[in-house]
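When the letters of the sequence shown are read in order and numbered with our numbering, they come out as residues 3 to 253.
Yeah, the Cβ is synthetic: ideal placement off N, Cα and C, and Gly gets one too.
Since the structure comes first, as structure tokens, the remarks are kept for the end.
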Amino acid sequence: FRMDLPRECTRLGDGDVARFRRETREEPMHVSIIEDDPVIAKAVRTAVREAGHDCTWVPDGETALRDNTLLSSDIVVLDLMLPKAGGIEVLKAARSAGVRTPVIVLTALGTVPDKLAGFEAGADDYLVKPFAIDELLARIEAIHRRTAHKPAMELEAGELHLSLATKRLALAGRTIELTPTEFSILELLMRYKGQVVTRKMLCEHVWGFDWDGPTNVIEVHINRLRGKVDKGREESLIRTIRGRGYALATA
């Protein structure tokens, strides 16, 4: 790609991008880079997109925590020296919440104690600046090969049984018809049952990662979905987590 890169990273040549594309056999990933340096972040984002994947830039730790960046990503590239909330804090918060998204630490902190702290907090890999972008891409792909799996074609949560193949929902043995939007919303809630799914995550899942519209549009669809799955129940299966989003009850 045509871009002046900082001295912390080296240029990825056209041949490297082509090779990386050939070696990538899985479906496109959604990679998030949590990095306060805009030059490094844009360079990595450009390289990841050139390799055929989605990439989102998050500029600080506070935003990453607020938006549940680790939960909504397939792989995260994480700087440690972030403003507002440090990378270790972000990583520990995600791991303590049960989020298992692979994380590659990308930082200038390169001592053995620094690396041990990163791994103890839950990092899957650790790359020290200055770095070569083609090496970072190779590490992303290596982790993806180890962790990638075909998504389950049947999702279950209590009495809810969702078939991704037939696009049908069964509740306590009866079939419930869902609109495509309702199906997509319930699919994400069931994949992360018991965990908070933000409105932004739902909007991006239904309408794509470029979604920039109002997040309250999701409430209309949530209420319609509740009307279908909550008949005869005193408490909704889809809980509203005030100020954060929604969570599917686990029991």
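Query, Result
"Proximity below 7 Å, CB of M31 to CB of H163", "no"
"Sequence-distant residues of the same chain with beta carbon closer than 6 Å to P61, five excluded per side", "D38"
"Buried or exposed by the 16-neighbour rule on C-beta atoms within 10 Å, applied to P104", "buried"
"E236 to L139 span [Cα, whole Å]", "50 Å"
"Assigned secondary structure, H146 (DSSP; H/G/I helix, E/B strand, else coil)", "helix"
"E206 in three-state terms, based on DSSP", "helix"
"Per DSSP, cross-strand counterpart(s) of T177", "A172"
"Exposure label - L73; buried when at least 16 CB within 10 Å", "buried"
"Test item: CB-CB of V208 and G247 under 7 Å", "no"
"Validate contact between the region 78-90 and the region 33-48 using beta carbons, cut 8 Å, 3 pairs", "yes"
"Beta carbon of V92 nearer than 7 Å to that of G112", "no"
"Proximity below 7 Å, CB of L204 to CB of I220", "yes"
"DSSP state of H163 mapped onto helix, strand, coil", "strand"
"Same chain only: Cβ atoms within 7 Å of D232, ignoring 5 sequence neighbours per side", "S238 and L239"
"Residue nearest to A254 in terms of C-alpha spacing, selected from G160, L108, A43 and I142", "Any question about residue 254 goes unanswered here, given that the chain covers just 3 to 253."
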